[in-house]
Amino acid sequence: MKISPVKKIRAKFIMPPDKSITHRVLILSSMANDKSKLYNLLNADDTKRTYNILKSLGINFKGDFNKLEVYPKPIREIEKPLYCGNSGTTARLISGYLSTQNGLFILYGDKSLSKRPMKRIILPLELMGAKIESRNGYLPLIIKGKNLKGIKYTLPIPSAQLKSAIILAALNSEGKTIIKGDKNSRDHTERLIKYMNGNIEIKNNVISVEKSNLEPLNFKVPGDFSSAAFFITLAILHSNAKIIIENVNLNPTRIGFLKILEQMNANIKYEVFENDPEPIGRVIAETSNELKGIEIPKELIPNAIDELPLLALIGLNAEGRTILKNAKELRVKESDRIKVVVENFKDLGIKIDELEDGFIVEGKQKITGGKIKTYNDHRIAMMFSILGLISKEGIDIDNINYVKISFPDFLKYIDNLNN
Ligand code: S3P
184 MKISPVKKIR
194 AKFIMPPDKS
204 ITHRVLILSS
214 MANDKSKLYN
224 LLNADDTKRT
234 YNILKSLGIN
244 FKGDFNKLEV
254 YPKPIREIEK
264 PLYCGNSGTT
274 ARLISGYLST
284 QNGLFILYGD
294 KSLSKRPMKR
304 IILPLELMGA
314 KIESRNGYLP
324 LIIKGKNLKG
334 IKYTLPIPSA
344 QLKSAIILAA
354 LNSEGKTIIK
364 GDKNSRDHTE
374 RLIKYMNGNI
384 EIKNNVISVE
394 KSNLEPLNFK
404 VPGDFSSAAF
414 FITLAILHSN
424 AKIIIENVNL
434 NPTRIGFLKI
444 LEQMNANIKY
454 EVFENDPEPI
464 GRVIAETSNE
474 LKGIEIPKEL
484 IPNAIDELPL
494 LALIGLNAEG
504 RTILKNAKEL
514 RVKESDRIKV
524 VVENFKDLGI
534 KIDELEDGFI
544 VEGKQKITGG
554 KIKTYNDHRI
564 AMMFSILGLI
574 SKEGIDIDNI
584 NYVKISFPDF
594 LKYIDNLNN
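For reference, each letter of the sequence shown is one residue, going 184 to 602 in the numbering used here.
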């Protein structure tokens, strides 16, 4: 599919519902003590995996993803293995949950997910007493649910999926679980549990969790900032653009990208209107002619983890070099996002240096066009579509279908850049 340049952009968008929050409200409402009402859930491949697994385990759902009633029930063991598809959040969060449930559960995923590390969750869950078999630290996992005990654990990496897997297990374990070592990864799980009156406390970045009797949710999922990031990037890089994004989640642990863009002199403004349990607001992004390259501050990296590849695009219009280091985690996402960005840039005739833990992009480069490979990664497909829109001759994307993982209507938004 070819994405061709557009002349002028004036758009006001509401983004699809947040993916991370959708997974979490589905799981947490399944653990609540009564019926929840969820509104505006993301209807995309990844979140449907979590929904289908919960449903097959016996949770009762009524309605659709616009308005869903969740009737929690004790989980039942089923013979069939549980399919997580491409979704790391499903595999890791559901593992935390199932470790405490009676029965034997088998989790598997697609080719990409089967190459993503699961040892990071297996280790702490086993310390809590879980029985988990894996294929050398990768999917498939065989989980034998048990009564777990709380642990003290220092997270070796700032991963929200890892942190959440432990927290979900701790909600059904004996004693207190204390988690240290992660200042920056997204905190939706913690916020929602607090909102549901669960036993969770956060002090000086130390999280304490205990067995909880969660109250039901009545919750509307806000727009996904990670989806907004593609259009913010587009507005900044385009020579005649203004894009307004309304009702988007602006949780401080998600908007490292905005902080980085401010440091790069981008023409962006944002305001928060609502705060409980998740900050929601508006972002306005416009043509930015004064961009400057920077070295991305280390402490902002976990808050911008899914948006980091977009900084390679921003760097193309900046004065000077844009340097990303300390981002090795990008190598174990839906694809090796460092390698895939570097290879595609090279195929497009754009200069970039690959680092073990990031990349260096020279500023002020011309983008003519060409062909790229998505490596079956939804964010890579969308990132290079954005590049196509600001290129001279357009960009051919080998497989655009992967957008359905997180943003099924992505192409409709591109058709509406002048509304
Ligand atoms: C997510 C956490 C991040 C992120 C992913 C979604 C989540 O992964 O990259 O897209 O919903 O918790 P890590 O926890 O592996 O950093």
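Using N, Cα and C, we set each Cβ at its ideal position, and we do this for glycine too.
Closer than 7 Å: residue i CB and nearest ligand 1 heavy atom
{"i": "aspartate 530", "result": "no"}
{"i": "lysine 302", "result": "no"}
{"i": "histidine 561", "result": "no"}
{"i": "serine 203", "result": "yes"}
{"i": "leucine 224", "result": "no"}
{"i": "threonine 283", "result": "no"}
{"i": "isoleucine 649", "result": "The chain is shown only over 184 to 602; residue 649 falls outside these bounds and no answer can be derived."}
{"i": "threonine 551", "result": "no"}
{"i": "alanine 343", "result": "yes"}
{"i": "lysine 481", "result": "no"}
{"i": "arginine 504", "result": "no"}
{"i": "lysine 137", "result": "One cannot answer for residue 137 here, as it falls past the ends of the chain, which runs 184 to 602."}
{"i": "threonine 436", "result": "no"}
{"i": "lysine 516", "result": "yes"}
{"i": "histidine 206", "result": "yes"}
{"i": "threonine 272", "result": "yes"}
{"i": "arginine 520", "result": "no"}
{"i": "serine 347", "result": "yes"}
{"i": "arginine 232", "result": "no"}
{"i": "arginine 374", "result": "no"}
{"i": "serine 368", "result": "yes"}
DSSP state of residue i mapped onto helix, strand, coil
{"i": "tyrosine 585", "result": "helix"}
{"i": "glycine 271", "result": "helix"}
{"i": "lysine 256", "result": "coil"}
{"i": "threonine 551", "result": "coil"}
{"i": "serine 317", "result": "strand"}
{"i": "valine 360", "result": "The sequence shown places threonine at residue 360, rather than the valine named in the question. Note: threonine 360 maps to strand in three-state DSSP."}
{"i": "aspartate 598", "result": "helix"}
{"i": "arginine 465", "result": "strand"}
{"i": "lysine 408", "result": "Sequence check: residue 408 is phenylalanine here, not lysine. Of the three classes helix, strand and coil, the one that applies to phenylalanine 408 here is helix, per DSSP."}
{"i": "glutamate 429", "result": "strand"}
{"i": "lysine 452", "result": "strand"}
{"i": "glutamate 373", "result": "helix"}
{"i": "glycine 292", "result": "coil"}
{"i": "arginine 193", "result": "strand"}
{"i": "alanine 501", "result": "coil"}
{"i": "glycine 279", "result": "helix"}
{"i": "phenylalanine 593", "result": "helix"}
{"i": "threonine 416", "result": "helix"}
Residue i, enclosing alpha helix (DSSP H) - first and last residue
{"i": "arginine 232", "result": "228-239"}
{"i": "asparagine 527", "result": "520-530"}
{"i": "alanine 487", "result": "Where alanine 487 is concerned, there is no enclosing alpha helix (DSSP H), given that its DSSP letter is neither H nor E."}
{"i": "proline 309", "result": "Residue identity check: residue 309 is glutamate in the sequence provided, not proline. Unbroken alpha helix (DSSP H) run through glutamate 309: 302-310."}
{"i": "glycine 571", "result": "561-573"}
{"i": "glycine 439", "result": "439-446"}
{"i": "valine 208", "result": "202-213"}
Proximity below 8 Å, CB of residue i to CB of residue j
{"i": "isoleucine 443", "j": "alanine 510", "result": "no"}
{"i": "valine 392", "j": "threonine 436", "result": "no"}
{"i": "threonine 205", "j": "valine 404", "result": "yes"}
{"i": "aspartate 560", "j": "tyrosine 596", "result": "no"}
{"i": "alanine 343", "j": "methionine 301", "result": "no"}
{"i": "serine 574", "j": "glycine 546", "result": "no"}
{"i": "isoleucine 578", "j": "phenylalanine 567", "result": "yes"}
{"i": "isoleucine 588", "j": "aspartate 228", "result": "yes"}
{"i": "tyrosine 558", "j": "valine 523", "result": "yes"}
Nearest residue (CA-CA) to residue i, options the options
{"i": "valine 455", "options": "Glu445, Val466 and Met447", "result": "Val466"}
{"i": "proline 188", "options": "Asn601, Leu570, Tyr378 and Asn584", "result": "Leu570"}
{"i": "lysine 294", "options": "Ile304, Thr230 and Tyr321", "result": "Tyr321"}
{"i": "leucine 345", "options": "Arg303, Leu375 and Glu473", "result": "Arg303"}
{"i": "leucine 338", "options": "Lys327, Ile350 and Gly328", "result": "Ile350"}
{"i": "threonine 406", "options": "Gly552, Pro462 and Ala348", "result": "Sequence inspection shows glycine at residue 406; the threonine mentioned does not correspond to that position. Nearest C-alpha to glycine 406: Pro462."}
{"i": "threonine 272", "options": "Thr372, Tyr378 and Ile521", "result": "Thr372"}
{"i": "asparagine 458", "options": "Leu474, Val524, Ala215 and Tyr378", "result": "Tyr378"}
{"i": "isoleucine 315", "options": "Ser297, Leu287 and Ile334", "result": "Leu287"}
{"i": "aspartate 370", "options": "Ser347, Val515 and Ser219", "result": "Ser347"}
{"i": "aspartate 536", "options": "Ser471, Lys508 and Ser409", "result": "Lys508"}
Where the beta strand (DSSP E) through residue i begins and ends
{"i": "threonine 470", "result": "Per DSSP, threonine 470 belongs to no beta strand (DSSP E) and is neither H nor E."}
{"i": "isoleucine 535", "result": "535-538"}
{"i": "valine 389", "result": "389-392"}
{"i": "phenylalanine 244", "result": "243-246"}
{"i": "lysine 346", "result": "It is not in any beta strand (DSSP E) - lysine 346 instead sits in the alpha helix (DSSP H) that spans 343-353."}
{"i": "threonine 337", "result": "335-337"}
{"i": "leucine 221", "result": "219-222"}
{"i": "asparagine 401", "result": "401-403"}
{"i": "isoleucine 543", "result": "541-544"}
{"i": "lysine 386", "result": "383-386"}
Any C-beta of chain C under 8 Å from that of residue i
{"i": "lysine 508", "result": "As a matter of chain content, chain C is missing from the structure shown, which is built from one protein chain."}
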